Amino acid sequence: MTIQRQTIVHEGPGGLFESMAVFDDATTGTVPGVLLFPNVMGTKEADFVYAEEVAALGYAVLVADIFGQGNRTTRADEDFGRYMNVVNNDRALLRDRVNAAHDVLKGRDEVDAARTAALGFCFGGKCVLDLARSGADIAGGVSFHGVYDAPSFPNAVIRAKLLICHGWDDPIAPPEATVALATELTEAGCDWQIHAYGQTGHAFTDKSVHMPDKGMAYSPHADHRSFRAMKDFLSDLFD
């Protein structure tokens with residue numbers, strides 16, 4: 000088994016985008032495809048490493064660029080959320096971009112286009128939810144320490160099963176936001192589950208984050224548990 004990375008420049012709503020395909024080049028035939036939506040800073044090395052772990056489970060992964068080619072930030076930037084804010088303020092544009100990324104995934108030679116899923120971190124969790132809310136034909140989606148607010152326009156019929164991996168002490172998604180999401184998904188008739196981790200805040204999968212005073216810190220226990228939950232969830236979808 001050799002996990003490969005391949006940079007893909009593709010057109011999408013608003014211009015060119017630069018995503019990363021991660022797959023096992025020893026695979027014969029097609030395998031289920033998984034979209035990986037990054038956090039507020041866009042695609043980066045940490046996402047590619049996580050994608051390699053997912054690909055090693057037997058999937059073909061596309062680390063999806065949602066902000067546009069060259070639009071990346073770091074935590075050192077004064078306004079590291081500026082590209083995210085563009086699509087946060089235009090949820091129809093976000094909907095169109097996540098669906099365009101899904102089309103790119105389904106068009107890959109190694110991907111079984113009839114068997115796809117999505118996962119995402121923080122803002123990427125919102126991408127997963129908005130992809131599901133758009134009625135996309137993903138089998139399922141996983142949100143890690145995501146953002147739960149619904150768009151202002153009505154959802155399509157949600158076809159995806161959803162797993163929400165949530166830090167109970169997350170200041171970005173407090174209990175009332177989490178309950179509101181559960182209510183939304185229940186009213187939509189969605190097959191959903193929430194795994195809430197106690198003594199855990201935002202960004203619990205991100206090894207670079209340690210701001211416990213702000214409710215944001217890496218948690219090795221929640222990271223391990225959520226990865227195992229994601230692994231089991233994908234296996235239930237596709238095995």
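When we follow numbering that gives the first Met the number 0, the leftmost residue of the sequence shown carries the number 0, and every step to the right adds one. Even for Gly, the Cβ is constructed at its ideal location relative to N, Cα and C. Only a predicted model underlies this, so the values are computations on that prediction, with no experimental measurement involved.
| Query | Result |
| --- | --- |
| Tell me, please, whether the segment 95-112 touches the segment 152-162 by the rule of three or more beta-carbon pairs shorter than 8 Å. | no |
| Assign Tyr58 to one of three DSSP states: helix, strand, or coil. | coil |
| Note down, in chain order, each residue of its chain lying with its Cβ closer than 8 Å to the Cβ of Ser207, except the 5 sequence neighbours on either side. | Ala45, Arg74 and Tyr217 |
| In the DSSP assignment, the alpha helix (DSSP H) including Ala91 goes from what residue to what residue? | Arg90 to Lys105 |
| With Phe22 and Glu109 assumed to form a contact (beta carbons below 8 Å), what rounded beta-carbon distance in angstroms separates them? | 5 Å |
| What are the residues that DSSP puts in a beta bridge with Pro31? | Asp111 |
| DSSP three-state call for Lys43: helix, strand or coil? | coil |
| For the beta strand (DSSP E) containing Ala195, list its first residue and its last residue. | Trp191 to Tyr196 |
| Rounded to the nearest angstrom, what separates Pro219 and Phe122 at their Cα positions? | 20 Å |
| Decide yes or no for the touch test of the segment 53-64 against the segment 33-43: beta carbon pairs closer than 8 Å, at least 3 of them. | yes |
| Is it right to say Val39 is buried, meaning 16 or more other beta carbons lie within 10 angstroms of its own, or is it exposed? | buried |
| Looking at Gly41 and Asn88, is the spacing between their C-beta atoms short of 8 Å? | no |
| When DSSP labels each residue in this structure, what does Ser151 get in the three-state scheme? | coil |
| Please confirm if the segment 145-153 is in contact with the segment 127-136, defined as three or more CB-CB distances below 8 Å between the two stretches. | yes |
| How long is the line joining the alpha carbons of Asp169 and Gln198, rounded to whole angstroms? | 9 Å |
| Excluding five sequence neighbours on each side, which residues of the same chain lie with their C-beta closer than 6 Å to the C-beta of Gly140? | Ala117, Val127, Ala131, Ala159 and Leu161 |
| Would DSSP call Gly214 helix, strand or coil? | coil |
| Taking only the alpha-carbon atoms, compute the straight-line gap between Thr1 and Lys213 and give it to the nearest angstrom. | 40 Å |
| With burial defined as no fewer than 16 other Cβ atoms inside 10 Å of the residue's Cβ, what is the status of Arg94: buried or exposed? | buried |
| For Arg224 and Ala113, what's the separation of their Cα atoms in angstroms? | 28 Å |
| Mapping the DSSP letters down to three states, classify Cys164 as helix, strand or coil. | strand |
| If you draw a straight line from the C-alpha of Ala55 to the C-alpha of Thr72, how long is it? | 28 Å |
| Beta carbon of Phe79, beta carbon of Thr204: below 8 Å? | no |
| Quick check: Val30 and Tyr49, are their CB atoms within less than 8 Å of each other? | no |
| Since His165 and Ala172 should fall inside the 8 Å C-beta cutoff, what is the C-beta to C-beta distance between them, to a whole number of angstroms? | 7 Å |
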